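In the numbering used here, the protein residues as written are 5 to 229.
For every residue, glycine included, the Cβ atom is placed at its ideal position computed from N, Cα and C.
Keep in mind that this is a model prediction, so the values were computed, not measured.
These notes are about the structure you will find just below.
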């Protein structure tokens, strides 16, 4: 299965460009790690793009910024959005996003799966960076809960840190999709479940996407941040 892995969105003006690239690349689906709000663009427009039936199938989880918006907390950011920016349908859609979801990649119900989250499994504030120690990750309650709940998971796709990277922790391939925020090294990944690597792409401007590098899914930690 071919997927576009979309990191923290933050109402980026590049979202439409990335979704067109995904469609033209023939992806089976787009996996988005959340943090849709609190950025330079329009939140209603961002949600409209993610709900567009003409786009490739999109699966999305909620990020900590999305949770804060629905809880009316932490609204002091310069680019913070408010719940009143949304109509009732969009507020309900955003509030209904799960913190974590499991994505099937084959027709085999016993086959390997992807866990899509924002931080680490159900903890949207957990930081897993290229240099985070494996012990620190494995000692968290979220890791224990997630490994028990998602026993078939081979890949964990997350975000939060805005660092595109891939590493392996205790047999689980940890992929961070980065961010498309225009001020934070914007880019995204293409993932094929049959390949041992992901392809990293940079967004140069509103009309240009350039291949950056491949990140191994089986070797030592690699980062493209």
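Any idea which residues DSSP pairs residue i with across the strands?
i           : result
residue 220 : 201
residue 70  : Answer is none; residue 70 lacks a bridge partner.
residue 51  : Beta-bridge pairing links residue 51 to no other residue.
residue 215 : 205
residue 114 : DSSP output for residue 114 lists no bridge partner at all.
residue 119 : 106, 160
residue 12  : 183
When the Cα of residue i is compared with those of the options, which residue comes out closest?
i           : options          : result
residue 149 : 12, 167, 127     : 127
residue 61  : 215, 74, 137, 10 : 10
residue 19  : 186, 221, 222    : 186
residue 220 : 213, 214, 180    : 180
residue 33  : 85, 158, 154, 55 : 55
residue 163 : 6, 5, 14         : 14
residue 133 : 12, 120, 8, 166  : 166
residue 23  : 57, 68, 77       : 57
For residue i, is the classification buried or exposed, using 16 other Cβ atoms within 10 angstroms of its Cβ as the cut-off for buried?
i           : result
residue 80  : exposed
residue 110 : exposed
residue 135 : exposed
residue 45  : buried
residue 222 : exposed
residue 83  : exposed
residue 208 : exposed
residue 66  : buried
residue 200 : exposed
Could you tell me the distance, in whole angstroms, from the CA atom of residue i to the CA atom of residue j?
i           : j           : result
residue 131 : residue 37  : 14 angstroms
residue 122 : residue 71  : 11 angstroms
residue 140 : residue 178 : 14 angstroms
residue 161 : residue 205 : 16 angstroms
residue 210 : residue 51  : 19 angstroms
residue 137 : residue 168 : 17 angstroms
residue 182 : residue 170 : 11 angstroms
residue 4   : residue 124 : Examination of residue 4 is not possible in this model, given that the chain is present from 5 through 229 alone.
residue 26  : residue 198 : 18 angstroms
residue 158 : residue 114 : 12 angstroms
residue 173 : residue 151 : 11 angstroms
residue 97  : residue 43  : 19 angstroms
Exercise. Are the stretch 105-116 and the stretch 83-91 touching, with three or more C-beta to C-beta distances below 8 angstroms?
Worked result: no
For this session: Check whether the stretch 129-146 touches the stretch 47-63, counting contact only when three or more Cβ pairs, one atom from each stretch, lie closer than 8 angstroms.
Result: no
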